[in-house]
Amino acid sequence: MTGRIGRVSGRIGPGTIGEVMLSYRGGTAAFHAHPFDGVSGFAVGDEVLVIYFDPPQTVYVDELPDVLRHTG
Numbered sequence: 000m001t002g003r004i005g006r007v008s009g010r011i012g013p014g015t016i017g018e019v020m021l022s023y024r025g026g027t028a029a030f031h032a033h034p035f036d037g038v039s040g041f042a043v044g045d046e047v048l049v050i051y052f053d054p055p056q057t058v059y060v061d062e063l064p065d066v067l068r069h070t071g
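Numbering (numbering that gives the first Met the number 0), first residue to last: 0 to 71.
What follows is the structure, given as C-alpha cells:
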C-alpha cells in the first residue's frame, strides 16, 4: 500500500479518522486514514500519497507531491 495514490472520501484531520479510497486487489477499497504528520488536514476529493500502511485497513497519508499530480 505504501506509495499508492488515493482519493479522500472522508475528511482527514488531526484527532479524526478519515477515509481514503485506494485501488486494491483489482478493485477499489476504503481504508481508514490519518495524517502522517499528525497535524495536516485533507478535504474530500483531495489526492493523497500513502506513506505508511498499518494492517489490516489503516493508512497514514501525506500531501501528494507536485511531480505526481495529474494535470489536465
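The C-beta atom is built at its ideal place from N, Cα and C for all residues, glycine as well. A quick note: this is a predicted structure, and the numbers were derived from the prediction, not measured.
Self-check item: Segment contact flag, the stretch 3 to 16 with the stretch 53 to 67, C-beta cutoff 8 Å, min 3 pairs
Solution: yes
Quiz item: Where does residue 61 sit, in a helix, a strand or coil, going by DSSP?
Solution: On the sequence shown, residue 61 is found 62 positions in, with the first residue counted as 1. DSSP places residue 61 in strand when its eight states are reduced to three.
Quiz prompt | Span of the beta strand (DSSP E) around residue 28 | solution = Within the sequence shown, numbered from 1, the residue matching residue 28 stands at position 29. Note, residue 28: beta strand (DSSP E), 26 to 34.
Quiz item: How long is the line joining the alpha carbons of residue 27 and residue 38, rounded to whole angstroms?
Solution: Locating residue 27 in the sequence shown gives position 28, counting from the first residue. Locating residue 38 in the sequence shown gives position 39, counting from the first residue. Going by the C-alpha atoms only, they are around 27 Å apart.
Quiz prompt | Presumed contact (8 Å Cβ cut-off) between residue 19 and residue 30, rounded CB distance | solution = Walking along the sequence shown from the start, residue 19 turns up at place 20. Walking along the sequence shown from the start, residue 30 turns up at place 31. Indeed, because the Cβ distance is near 5 Å, the residues count as touching under 8 Å.
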